[in-house]
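This report refers to the structure that appears directly beneath it.
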Amino acid sequence: MTAPSAPTQTRLEFDSNRLMIDLCGELDANLVRIEAGTGAEIDRHGNVIVLGGEAEARQHAETTLRALYGRLQANKSVDAGDVEAAIRMPTEIFEEGHQQALPASGQFDIRTRKKTVEPRSPVQASYVRALHENDLVFGLGPAGTGKTYLAVAVAVAYFLEGRVDKIILSRPAVEAGERLGFLPGDMKEKVDPYMQPLYDALNDFLPAKQVAKMMEDRQIEIAPLAFMRGRTLSHAFIILDEAQNATTMQMRMFLTRLGEGSCMAINGDTTQIDLPKGVLSGLVEAERVLHGVEGIGFTRFTAKDVIRHPMVAKIVRAYEKANRT
């Protein structure tokens, strides 16, 4: 007696035709992206989707589709970034041998005045958890992984909840391999070009008028790292961005600014150090010295966590491969 052959198709039926329109996207663009990202063949008939291909590919596509449909049932939108995130999360689970659990829907949502921010990978969820559980957290990894964006979102949420009295954002004023010369204007005009990514993140979470009023009342401070010396930062959420460009002395100075009732997030990418040749990065030193210290969290991002254009992840992987060889 021959054993029954394994099924080569998976049939999924969804109960809402209205939600199916959003699930599939305009001209079925979401289904096309899921096909490319999972390797499964997707055939749609009304509110029924039939998956073909290898068993693992079908499982990956089914997990992705059900996750996106669950978002729609919870009255959340599904855009291209959400599709990429849903594809990426199961991929990490499969590759890590189920060592990382997918975060439950809404478990790590960050609610701000303008939008609700959701982690889009298990590592992003781990980073948000670390920010909630530790007074000092290091976010390490390549550009585009959401380190600064998530940290600013949590800082804004903490302020709106009354858990901190102010938000302090800082970064080293170091040019990325160029010499820009003397910049015109007053001090604010001189440092603003270095701080623009922080302004962009704030404006994503708070109305522009509220950001301006909070800055006027010094509830939000944005300043170069060099201006932190001598201060004690209490009851504040403090973020140091581009920390790979802090020297060892600057990093030690900044870490010792942490005051009562404060939280600190330090983010950087040790593959993009713009310090002069021979100057050791304070982020590299801090990672070595502080690893294993109780109460300090370290979250390491990789190219899998890039949430910008998909090409960015490919670029990061290509450079990582080149550096290894």
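In this text, residue positions in the sequence shown follow my numbering: the first is -15, and each later residue adds one.
C-beta atoms are modelled at their ideal positions from N, C-alpha and C, and glycine is treated no differently.
Values in this document were obtained by computation on a predicted structure and should not be read as measured data.
Just measuring C-alpha positions, the residue of Val34, Gln43, Met233 and Gly130 sitting nearest Gly65 is Gly130. Taking every protein chain shown into account, the CB of Ile71 has 16 or more other CB atoms within 10 angstroms, so this residue is buried. Under the three-pair Cβ rule at 8 Å, the region 133 to 143 counts as touching the region 151 to 158.
Our two residues, Ile94 and Ser61, have alpha carbons roughly 16 Å apart in a direct line. Ranked by Cα distance from Pro181, the options Gln203, Gln194 and Ala157 are led by Ala157.
Between Ile26 and Leu15, the CB-CB gap stays under 9 Å. Beta-bridge partners assigned by DSSP to Phe221: Ile151 and Cys247. A contact between stretches requires three or more CB pairs, one per stretch, nearer than 8 Å, and the region 298 to 309 fails this requirement with the region 263 to 281. The region -9 to 55 contains, as complete beta strand (DSSP E) runs of 3+ residues, the segments -7 to -3, 25 to 29 and 32 to 36 (chain order). Leu217 and Gly276 have their C-alpha atoms some 24 Å from each other.
Taking 9 Å as the cut-off, the Cβ atoms of Gly252 and Ala227 count as close.
Considered as a whole, the region 180 to 235 harbours 204 to 208 and 220 to 224 as its complete beta strand (DSSP E) runs of no fewer than 3 residues, in chain order. Between the region 234 to 241 and the region 202 to 214, the count of C-beta pairs closer than 8 Å reaches three or more; the two stretches touch. In this structure, DSSP gives Phe122 an extended state, which the three-state scheme calls strand. In the structure shown, Gly146 adopts coil according to DSSP, grouped into three states. Within the same chain, Cβ atoms closer than 6 Å to the Cβ of Leu124 are found at Arg284, the five residues on either side in sequence being excluded. A direct Cα-Cα distance of roughly 15 Å separates Leu224 from Gly243.
Under DSSP, Ser265 takes part in a beta bridge, and its partners are Thr231. The C-alpha of Val290 is placed about 18 Å away from the C-alpha of Arg113. The beta-bridge partner set that DSSP reports for Val277 is empty.
Across the set Pro103, Leu(-4), Ser0 and Val121, the C-alpha of Val121 shows the shortest separation from the C-alpha of Leu267. Apart from the 5 residues on each side of it in sequence, Asn31 sits with its Cβ closer than 8 Å to the Cβ of Glu(-3), Phe(-2), Asp(-1), Ser0, Asn1 and Met4 in its chain, given in chain order.
Excluding residues up to 5 positions away in sequence, Val195 lie with their Cβ nearer than 8 Å to the Cβ of Asn187 in the same chain.
In the three-state scheme derived from DSSP, where H, G and I count as helix and E and B as strand, Arg308 is classed as helix.
With a 10 Å radius around the Cβ and a threshold of 16 neighbouring Cβ atoms, Ala58 comes out exposed.
Under the three-state reduction of DSSP output, Phe92 falls in the coil class, being neither helix nor strand. Of the residues Ser105, Leu49 and Gly54, the one whose Cα lies closest to the Cα of Gly128 is Ser105. Boundaries of the alpha helix (DSSP H) harbouring Ser110: Pro106 to Glu117, taken from the DSSP string.
In the three-state reduction of the DSSP assignment, Arg97 falls in the coil class.
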